[in-house]
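Before any comments, here is the structure.
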Amino acid sequence: MDIISPPYQLYPEVEPHASGLIDLDGQHNMYWEVSGNPRGFPVVFLHGGPGAGASPSHRRFFDPDHYRIIVFDQRGSGRSRPFAEIENNTTQHLIADMERLRKHLEVSKWLLLGGSWGSSLALAYGIEHPERVVGFILRG
């Protein structure tokens, strides 16, 4: 069997056991959610875009028995508010938002999976906070 050909095997659907909004600066509120094993290894998914946000299918990249799956919508994207707002929405703001989320969830280090723009954001975060990253999974 060709390992590159569909159908791709994703993990079963899993629902978040925690979610919320973080007030970032009085203007932006960032949506986040956590699913999988609360004591599992922390992994965060960084969506592409900007704009679209994360989807429930992004939780399925990880084994929910082994990972604490963290998904969030970047500023101006998805369920974060206000939607499509570009004021105070730079790469540096997004890096600071990730760090704020990491602290809010009491994560010491995490694995980053980024897709498209999310890959660039993962690398930018890793440059700024190398001591907080255990590894990268990057896709085009």
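The sequence shown begins at -11 in my numbering and counts up one residue at a time. Cβ coordinates follow ideal geometry from the N, Cα and C atoms, glycine included.
Excluding the 5 residues preceding and the 5 following H81 in the sequence, name in chain order all residues of the same chain whose CB lies nearer than 7 Å to its CB. Taking the first residue of the sequence shown as 1, we reach residue 81 at position 93. Within the same chain, H81 has close Cβ partners R63.
Leaving out five residues on either side along the sequence, give the residues of the same chain with a beta carbon under 7 Å from the beta carbon of Y19. Counting from 1 along the sequence shown, the entry for residue 19 is found at position 31. Contacts found: L9, F60, D61, G66, R67, S68.
Touching by the beta-carbon criterion (3+ pairs, under 8 Å), the segment 101 to 120 and the segment 69 to 77: no
Could you compute how far the alpha carbon of G37 sits from the alpha carbon of G102? Mapped onto the sequence shown, residue 37 falls at position 49. Mapped onto the sequence shown, residue 102 falls at position 114. G37 and G102: Cα-Cα distance of roughly 11 Å.
Are the beta-carbon atoms belonging to V22 and H5 less than 8 Å from one another? Here residue 22 refers to the residue found at position 34 of the sequence shown. Here residue 5 refers to the residue found at position 17 of the sequence shown. Yes.
Would you decide whether G14 is buried or exposed? Buried here means 16 or more other CB atoms lie within 10 Å of its CB. Position 26 of the sequence shown, counting from 1, holds the residue named residue 14. Result: exposed.
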